[in-house]
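Numbering (the numbering used here), first residue to last: 9 to 123. By construction, the Cβ of each residue, glycine as well, lies at the ideal position given by its N, Cα and C atoms.
Set out below in structure tokens:
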């Protein structure tokens, strides 16, 4: 399976705990990867993901932009080329602190993708 990100439907994320956020699911059970979903998340300028925790872990790779990843109250700078492992049950949040879109790959178990 080979695809282009420009052909994938964008999912706008909304709610009081999220700002300027969207994602695209690139590879999922629909494409044959039965246990995981690889997504590209975009946070616009001043955007952030909800501060939340869940039982599953996820891995991330920063494609572009500058931000912070908070895990259990500790903020760590992230930028193009950074990667992160977020263990299950850890309170975490991604924030864009740069002057352009923060874009990153996020791989989660299928139960972590509810869209």
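Distance from the CA of residue 54 to the CA of residue 26, rounded to the nearest whole angstrom, comes to 11 Å. Nearest Cα to residue 74 within the set 33, 86, 80, 100: 86. When only Cα atoms are considered, residue 118 and residue 95 end up about 16 Å apart.
The shortest CA-to-CA distance from residue 66 to any of 42, 37, 38, 113 is the one to 113. Between the C-alpha atoms of residue 45 and residue 34 there is a straight-line separation of about 7 Å.
DSSP, reduced to helix, strand and coil, places residue 26 outside both helices and strands of the structure shown, so it counts as coil. The beta carbon of residue 19 sits closer than 8 Å to those of 30, 31, 32, 33, 123, all from its chain and outside the five residues before and after it, given in chain order. Going by DSSP, residue 60 is part of no beta strand (DSSP E) at all; its letter is neither H nor E. Here residue 104 is bridged, per DSSP, to 75. Inclusion of residue 13 and residue 49 in the CB contact set at 8 Å is not warranted, their separation being larger than that value.
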